[in-house]
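So that you can map any letter, position 18 of the sequence shown is 20 in my numbering, and since no number is skipped, the others follow by simple counting. All residues carry an ideal CB built from backbone N, CA and C; glycine is no exception. Everything on this sheet refers to the single structure shown next.
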Amino acid sequence: MGLFGDLFKPKYKDNNPKIRLKAVKELDNQKILADIAKNDSDDNIRRIAIEGISDEVVLADIARYASDVDVRRIAVRGVRDKLVLIDIVKNDPSGYVRSVAILGIDSEDVLVDIAKKDDWSYVRLAALRGISDEDVLEDIARNDPSWPVRLAALKGISDEVVLADIAKKDDWSNVRLAALRGISDEVVLEDIAKNASYEDVRRAAIRAVGDEDL
């Protein structure tokens, strides 16, 4: 009876993953593909199923509720609804998923909130691309615990007084020297050359001024 029943079982439900994979590649039924993407036991089959889904409502549902991180991460690439993306970037437990979702968000208010609060540095870093408020960037450049995030925030800061303070105080050489490169005022550079705590930035400031006697 079991064998007879197997004859009528769809190939995408076959026990053999190779047969299921071939069948899934030929499917276009969005509901069935969504069920496979969420529930198939084979990682590769779940991913292939997502690639066959074009219905954004279905993709959004998978991106929000699938248990597999990779499935959610792939599904979110096809989501365009800003509210769905915001929900995902604020609530998904995986930084990998959030870092993809944030690429579809252009609201500066949301990006600022994520850049200040997300606990994954890659997500905060991705949020910076849409932030132009120098006060926000200054706060991040001074206080973010991750030096690559602080370094990226510097690119949007033009206030040389702020840059000088960061050049003097940041505990990462990359950040100090990047801040220094944004300074052209010789008076500010001379002050750094004389008073900065770190030797690397003092030497760089001396070279920038061109006065080895400082």
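Taking residue 134 as the centre and dropping the five residues before and after it, the same chain places the C-beta of 110 and 158 closer than 8 Å to its C-beta, in chain order. Apart from sequence neighbours up to five positions away, the residues of its chain that approach residue 103 with a beta-carbon distance below 6 Å are 78, 87, 90 and 91, ordered along the chain. Inclusion of residue 123 and residue 148 in the CB contact set at 8 Å is warranted, their separation being smaller than that value.
Beta-carbon to beta-carbon, residue 54 and residue 23 are separated by about 12 Å, too far to satisfy the 8 Å threshold. Scanning the region 122 to 156 from its first residue to its last, the whole alpha helix (DSSP H) runs of 4-plus residues come out as 123 to 129, 136 to 145 and 149 to 156. When the alpha-carbon of residue 98 is set against those of 48, 164, 203 and 125, the nearest one is in 125. When the beta-carbon positions are compared, residue 206 and residue 170 stay at least 8 Å from each other.
Contact check for residue 106 against residue 81 passes: the beta carbons are separated by less than 8 Å. DSSP places residue 67 within a helical segment (H, G or I) once states are collapsed to three. Here residue 85 is exposed. Its C-beta has fewer than 16 other C-beta atoms within 10 Å. Taking the Cα positions, residue 28 is about 14 Å away from residue 56.
Residue state for residue 81 is assigned as coil, using DSSP reduced to three classes. In the three-state DSSP reduction, residue 39 falls in the helix class (H, G or I). For the set 160, 40 and 58, the Cα lying nearest the Cα of residue 50 is the one of 40.
If the five residues before and after residue 25 are omitted, its C-beta is found closer than 8 Å to the C-beta atoms of 12, 13, 14 and 16, all from its own chain and listed in chain order. In terms of CA proximity to residue 210, 183 leads the group 196, 183 and 37. Around the beta carbon of residue 108, fewer than 16 other beta carbons lie within 10 angstroms, which makes this residue exposed. About 13 Å separates the beta carbons of residue 177 and residue 139, which is beyond the 8 Å limit, so they are not a contact pair. Between residue 202 and residue 165 a beta carbon distance of about 16 Å is seen, past the 8 Å cut, so the two are scored as non-contacting. Using a Cβ distance threshold of 8 Å, residue 160 and residue 192 do not count as a contacting pair.
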